[in-house]
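Notes to accompany the following structure.
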Amino acid sequence: MKAQRKDMCNQLLERYYAEGEAFLQRITTGDESWVHTTIQNVKPNLWSIGTKLVQVQESSRLRRVRRDKDSILQQDNARPHTSRQTQDVLRQLELTALQHPAYSPDLAPFDYYLFPQLKQYLKGHHYDNDEEVIADVRRCSQMAPWTVVRILR
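Here the sequence shown is numbered in UniProt numbering, starting from 1 and rising by one per residue.
Encoded structure:
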């Protein structure tokens, strides 16, 4: 695993040396989590909803990234990101994805310093609509410790 991590880091450094700061500015990252909202007058079929939700979330997230033709996608190796469906969408949208070594807080600080805090903050909350979720995410990001804010800059 160390050799693989070293190879991936060398590839990233080579791109940085070749492309400079523009390479770093093109990288888009993200994470996903279940947040429950109340849907009135709907009989839930959790398996069906859950399966479609993951597919739709991944597809729509990747399409947003695609709007910026120069974007490079960096995501962890979670199953929704490495699934065949997601890889098919990446190919269809002609998106470039960075290889990402597992357990690399130095290469993906959001995965270790921002997203876990956000998930903990949202855990146990119940929302009536998407706008409430978005407002709470914004509130949480405003309370982020200065170390996380430094990472965001």
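Glycine included, each C-beta is placed from N, C-alpha and C at the ideal position.
Outcome for residue i when other beta-carbon atoms lying within 10 angstroms are tallied against a minimum of 16
i           : result
Gln75       : buried
Ser116      : Note on identity: in this sequence residue 116 is Pro, with Ser being the wrong assignment. Burial call: exposed.
Leu12       : buried
Leu73       : buried
residue 172 : It is not possible to answer for residue 172, since the shown part of the chain is limited to 1 through 153.
Reduced DSSP category for residue i - H, G, I as helix; E, B as strand; rest coil
i      : result
Gln85  : helix
Leu95  : coil
Gln25  : helix
Gln4   : helix
Ala135 : helix
Gln74  : strand
Pairwise C-alpha distance: residue j and residue i
i      : j      : result
Gln87  : Ala78  : 12 Å
Glu131 : Leu122 : 14 Å
Ile151 : Lys119 : With a pLDDT of 49 at Ile151, under the threshold of 50, the predicted position of this residue should be treated as unreliable, though the coordinate-derived value follows. Rounded to the nearest angstrom, the two C-alpha atoms are 18 Å apart.
Leu24  : Val133 : 29 Å
Ala22  : Pro101 : 22 Å
Tyr16  : Asn10  : 10 Å
Asn45  : Gln85  : Only weak support exists for where Asn45 lies, its pLDDT of 40 falling under 50; the value from the coordinates is given anyway. Distance between the alpha carbons of Asn45 and Gln85: 21 Å.
Pro80  : Met143 : 29 Å
CB of residue i within 8 Å of CB of residue j, strictly
i      : j      : result
His126 : Asp136 : no
Met1   : Gln99  : no
Arg138 : Asp70  : no
Residue i beta carbon near the ligand ATP (any heavy atom closer than 7 Å)
i     : result
Ala18 : You won't find the ligand ATP in this model; it holds no ligand whatsoever.
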